[in-house]
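Enquirer: Here the numbering used here is used: the first residue of the sequence shown is 1, the next is one more, and so on.
Where is the CB? At the ideal position from N, CA and C, for every residue including glycine.
Just so we're clear, the structure is a prediction, and the values are computed from it rather than from any experiment.
Below is one structure. I have some questions about it.
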Amino acid sequence: MVIWTHALSHLMFYGEPLIELEEIPLPVIIPFLPLILISTWAPIFALISGTASAYVTLGIVSRGKSVRKEEINKSLKNALKGALINGILLYVVSFIHMTMFHYSLVFNGEMSRTMITGSIELGKFILPSFDFLFFNDAIFLMAISGVIINIILYLLWRNTGYKQIKRNYIILTIIGVGFFALSPCLHLLDPLFFNAIDNGQFILPAVLRILIGHPHSTFPNAGFAFFGAILGIAIKREIQFKKIRNFGLIFGLGFIAVAIIIFINGDAVLGPELIGTSIPLEFHMINFGSMLIFTIALIGWIEYNDVEKRKKIAQRTIGIRRFSFIAMTGYVMETLLVIINLKWYLPLWNSDSFWIRWIELMLFCFMQLGIWVIIVHLWEKIDFKGSYEWFVVTVGGNLRGRKSNRLNVEKVLYNPIN
1 MVIWTHALSH LMFYGEPLIE LEEIPLPVII PFLPLILIST WAPIFALISG
51 TASAYVTLGI VSRGKSVRKE EINKSLKNAL KGALINGILL YVVSFIHMTM
101 FHYSLVFNGE MSRTMITGSI ELGKFILPSF DFLFFNDAIF LMAISGVIIN
151 IILYLLWRNT GYKQIKRNYI ILTIIGVGFF ALSPCLHLLD PLFFNAIDNG
201 QFILPAVLRI LIGHPHSTFP NAGFAFFGAI LGIAIKREIQ FKKIRNFGLI
251 FGLGFIAVAI IIFINGDAVL GPELIGTSIP LEFHMINFGS MLIFTIALIG
301 WIEYNDVEKR KKIAQRTIGI RRFSFIAMTG YVMETLLVII NLKWYLPLWN
351 SDSFWIRWIE LMLFCFMQLG IWVIIVHLWE KIDFKGSYEW FVVTVGGNLR
401 GRKSNRLNVE KVLYNPIN
């Protein structure tokens with residue numbers, strides 16, 4: 001999805017657009033409306049991160065009935081240590097992304113560019129824009145939300161607190177909703193944040209970035225992780241899927257309904273000029289509701305199916321799941337590939353016809369996807385060494401003193417179900 005949306009966005013929204021949005025007939029736009037929504041789905045990484053953290057950590061602390069408090073607390077401290085290490089490594093990747101490879105866009109009122117992609121785009125060497133140091137990409141959100149959820153799980157689960165299931169569900173839900181409820185108040189600080197950047201300050205915007213940095217602000221987006229943690233606990237405890245489904249429908253549809261009410265009574269507009277810079281709260285809520293329902297549907301399809309069906313699903317989705325090994329790498333590096341290919345691709349076409357330009361755009365998107373399919377197939381042969389995932393898993397494993405099977409291709413891709 002990142003491959004497709006990055007290709008589309010560069011040809012439609014940035015620089016000299018191949019096709020102006022106003023030119024596209026409504027029947028052509030309608031099929032792409034879900035893609036427009038999904039293009040703002042980066043916070044789903046926070047939801048998945050919360051699910052994985054709770055699932056794995058609960059499995060560690062709940063081994064057997066005779067586990068002592070000291071052992072539980074030690075396991076939780078190790079999990080928290082791992083989350084902090086992982087958060088730091090993800091921040092490093094985010095920094096590389098925002099200084100070297102992110103696509104050019106208008107942020108804080110002016111065009112911002114990174115060093116490598118910006119230099120290629122302009123045909124001359126440039127330094128990364130100062131403003132981009134305070135831009136929250138999806139990787140930064142993964143880092144901060146992973147640390148926050150693990151701190152809360154540590155506080156809730158220590159001293160056998162993990163056994164207080166109902167209490168934990170309630171607290172996690174309240175905190176998750178709280179991130180959305182507090183968001184409008186905290187974003188009153190947005191002018192202070194952007195003014196500090198304009199004045200060349202570093203410390204103040206760096207601190208405020210943790211709370212309200214755009215576009216993937218900790219408030220409300222880290223709230224996704226708490227609902228993800230609830231799902232992780234429910235899956236690990238093998239709660240009936242009917243209960244999980246009802247939970248998803250209540251909160252998913254509830255958030256969407258509230259967002260629609262806010263939207264009808266407000267004046268927020270989400271246009272191409274805002275994508276990647278500022279997303280109104282109601283659209284975050286619609287995103288959350290749709291993501292929650294979508295994620296739970298996948299859980300029901302995969303986790304709550306019988307073993308044989310799960311094996312068939314795993315076999316049929318190898319091609320898609322192969323991309324999961326380099327999802328973060330693709331997110332970071334796709335823009336570089338797009339800009340390099342646009343340099344030779346665009347001069348091949350020269351037409352005023354909308355449909356010719358539309359074909360040009362679609363062919364480019366399919367070409368990008370095809371290139372990445374080849375890259376991923378070849379990369380698999382060396383176990384995805386050199387990817388950002390490999391960097392995080394390898395360095396993180398050495399620092400934690402515990403290796404991860406995250407990039408074990410044979411196990412994860414071909415034999416995920418024993």
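Within 10 Å of its beta-carbon, does Phe247 have 16 or more other beta-carbons around it, so buried, or fewer, so exposed?
Expert: As a position in the sequence shown, residue 247 is number 247, starting the count at 1. So Phe247 counts as buried.
Enquirer: What residue range does the beta strand (DSSP E) around Leu105 cover?
Expert: Position 105 of the sequence shown, counted from the start, is the residue given in the question as residue 105. Note, Leu105: beta strand (DSSP E), 105 to 107.
Enquirer: Quick one: is Gly276 buried, meaning 16 or more other Cβ sit within 10 Å of its Cβ, or exposed?
Expert: Counting from one through the sequence shown, the residue named residue 276 turns up at place 276. With a pLDDT of 49 at Gly276, under the threshold of 50, the predicted position of this residue should be treated as unreliable, though the coordinate-derived value follows. Buried.
Enquirer: How many angstroms separate the CA atom of Pro272 from the CA atom of Leu192?
Expert: Residue mapping note: residue 272 aligns to position 272 of the sequence shown, counting from 1. Residue mapping note: residue 192 aligns to position 192 of the sequence shown, counting from 1. The pLDDT assigned to Pro272 is 48, lower than 50, so where the model puts this residue is not dependable; a value taken from the coordinates is nonetheless given after this. Approximately 25 Å between the Cα atoms of the pair.
Enquirer: Quick check: the Cα distance between Ser217 and Ile72, rounded to an integer number of angstroms?
Expert: Here the question's residue 217 lines up with position 217 in the sequence shown. Here the question's residue 72 lines up with position 72 in the sequence shown. Their backbone Cα atoms lie some 33 Å apart in a straight line.
Enquirer: Does the separation of the CB atoms of Phe288 and Phe255 fall below 7 Å?
Expert: Walking along the sequence shown from the start, residue 288 turns up at place 288. Walking along the sequence shown from the start, residue 255 turns up at place 255. The answer is yes: Cβ separation under 7 Å.
Enquirer: With 16 as the cutoff for other CB atoms within 10 Å, does Ala225 come out buried or exposed?
Expert: By one-based count along the sequence shown, residue 225 stands at place 225. That one is buried.
Enquirer: Output the distance between the C-alpha atoms of Thr51 and Phe134, rounded to the nearest integer angstrom.
Expert: Here residue 51 refers to the residue found at position 51 of the sequence shown. Here residue 134 refers to the residue found at position 134 of the sequence shown. C-alpha separation (whole angstroms): 27 Å.
Enquirer: Hey, how far is the Cα of Met111 from the Cα of Met142?
Expert: On the sequence shown, position 111 is the one that residue 111 refers to. On the sequence shown, position 142 is the one that residue 142 refers to. So the two alpha carbons sit approximately 25 Å from each other.
Enquirer: Where are the alpha helix (DSSP H) runs, 4 residues long or more, that stay fully inside the region 90 to 158, in chain order?
Expert: As far as the region 90 to 158 is concerned, its whole alpha helix (DSSP H) runs of at least 4 residues are 115 to 122, 138 to 157.
Enquirer: Between which two residues does the alpha helix (DSSP H) harbouring Gly419 extend?
Expert: There is no way to answer for residue 419, as the model of the chain reaches only from 1 to 418.
Enquirer: What do you get for Asp131, buried or exposed, if any count of 16 or more other CB atoms within 10 angstroms of its CB means buried?
Expert: Residue 131 sits at position 131 when you count from the first residue of the sequence shown. Asp131 should be labelled buried.
Enquirer: Does Pro215 come out as helix, strand or coil in the three-state DSSP assignment?
Expert: As a position in the sequence shown, residue 215 is number 215, starting the count at 1. Pro215 falls in the strand class under three-state DSSP.
Enquirer: Out of Ile149, His214, Phe227, point me to the one whose CA is closest to Thr40's CA.
Expert: Mapped onto the sequence shown, residue 40 falls at position 40. Ranking Ile149, His214, Phe227 by Cα distance to Thr40 puts His214 first.
Enquirer: So, under 8 Å CB-CB, Ala79 and Asn221 are touching, yes? Tell me the CB distance rounded to an integer number of Å.
Expert: Locating residue 79 in the sequence shown gives position 79, counting from the first residue. Locating residue 221 in the sequence shown gives position 221, counting from the first residue. With 8 Å as the limit, Ala79 and Asn221 do not qualify as a contact, their Cβ atoms being about 22 Å apart.
Enquirer: Check Pro220 in the structure and name its three-state DSSP category.
Expert: Numbered from its first residue, the sequence shown carries residue 220 at position 220. In the structure shown, Pro220 sits in a helix (DSSP, three-state: H, G or I).
Enquirer: Less than 7 Å separating the beta-carbons of Ile244 and Ile296?
Expert: Translated into positions along the sequence shown, residue 244 becomes position 244. Translated into positions along the sequence shown, residue 296 becomes position 296. Result yes, Cβ atoms of Ile244 and Ile296 sit closer than 7 Å.
Enquirer: Do three or more CB pairs link the region 374 to 386 to the region 404 to 415 at distances below 8 Å?
Expert: Contact between the region 374 to 386 and the region 404 to 415 is present, because at least three Cβ pairs lie under 8 Å.
Enquirer: When DSSP labels each residue in this structure, what does Thr51 get in the three-state scheme?
Expert: Position 51 of the sequence shown, counted from the start, is the residue given in the question as residue 51. Thr51 falls in the helix class under three-state DSSP.
Enquirer: Are the region 95 to 102 and the region 320 to 333 touching by the rule of at least three beta carbon pairs closer than 8 Å?
Expert: Enough Cβ pairs lie closer than 8 Å, so yes.
Enquirer: Give the straight-line distance between the Cα atoms of Phe384 and Tyr304, rounded to the nearest whole angstrom.
Expert: What you label residue 384 is simply residue 384 of the sequence shown in a count that begins at 1. What you label residue 304 is simply residue 304 of the sequence shown in a count that begins at 1. Their backbone Cα atoms lie some 30 Å apart in a straight line.
Enquirer: Once DSSP output is grouped into helix, strand and coil, what is the label at Glu410?
Expert: Translated into the one-based positions of the sequence shown, residue 410 becomes position 410. Helix at Glu410.
Enquirer: Do the region 145 to 152 and the region 78 to 93 meet, that is, are 3 or more Cβ pairs less than 8 Å apart?
Expert: Segments in contact, yes.
Enquirer: How many whole angstroms separate the CB atoms of Arg400 and Gly82, which I take to be in contact at a CB cut-off of 8 Å?
Expert: In the sequence shown, the residue the question calls residue 400 occupies position 400. In the sequence shown, the residue the question calls residue 82 occupies position 82. With 8 Å as the limit, Arg400 and Gly82 qualify as a contact, their Cβ atoms being about 5 Å apart.
Enquirer: Nearest to Val338 by alpha carbon, out of Leu369, Lys124, Ile261?
Expert: By 1-based counting over the sequence shown, the position of residue 338 is 338. The shortest Cα separation from Val338 among Leu369, Lys124, Ile261 belongs to Leu369.
Enquirer: Check whether the Cβ atoms of Leu58 and Lys236 lie closer than 7 Å to each other.
Expert: In the sequence shown, residue 58 corresponds to position 58, counting from 1. In the sequence shown, residue 236 corresponds to position 236, counting from 1. It is a contact, given that the beta carbons lie within the stated cut-off.
Enquirer: With burial defined as no fewer than 16 other Cβ atoms inside 10 Å of the residue's Cβ, what is the status of Val61: buried or exposed?
Expert: Residue 61 sits at position 61 when you count from the first residue of the sequence shown. Buried: at least 16 other Cβ atoms inside 10 Å.
Enquirer: So what's Ile239 in DSSP terms, helix, strand or just coil?
Expert: Taking the first residue of the sequence shown as 1, we reach residue 239 at position 239. Three-state DSSP puts Ile239 in coil, outside helix and strand.
Enquirer: Could you tell me the alpha carbon to alpha carbon distance between Asp306 and Gly300, rounded to whole angstroms?
Expert: On the sequence shown, residue 306 is found 306 positions in, with the first residue counted as 1. On the sequence shown, residue 300 is found 300 positions in, with the first residue counted as 1. Their backbone Cα atoms lie some 11 Å apart in a straight line.
Enquirer: Could you spell out the range, first to last residue, of the alpha helix (DSSP H) harbouring Gln315?
Expert: On the sequence shown, residue 315 is found 315 positions in, with the first residue counted as 1. 307 to 316 is the span of the alpha helix (DSSP H), which, as asked, contains Gln315.
Enquirer: If you run the structure through DSSP and keep just helix, strand and coil, what is Phe202?
Expert: If you number the sequence shown from 1, residue 202 lands on position 202. Looking at Phe202 - three-state DSSP - the assignment turns out to be coil, as it is neither helix nor strand.
Enquirer: Does the separation of the CB atoms of Gly223 and Gly176 fall below 7 Å?
Expert: In the sequence shown, counting from the first residue as 1, residue 223 sits at position 223. In the sequence shown, counting from the first residue as 1, residue 176 sits at position 176. In contact: Gly223 and Gly176 (Cβ atoms closer than 7 Å).
Enquirer: Just verifying my parser: in three-state terms, what is the DSSP assignment at Trp379?
Expert: Mapped onto the sequence shown, residue 379 falls at position 379. Three-state result, Trp379: helix.
Enquirer: What distance in whole Å lies between the Cβ atoms of Phe251 and Phe227, which are believed to be in contact at a cut-off of 8 Å?
Expert: Indexing the sequence shown from 1 puts residue 227 at position 227. Indexing the sequence shown from 1 puts residue 251 at position 251. Indeed they touch by this definition, with Cβ atoms about 7 Å apart.
Enquirer: With DSSP run on the structure shown, which of helix, strand or coil describes Lys403?
Expert: Here residue 403 corresponds to residue number 403 of the sequence shown, with the count starting at 1. Coil.
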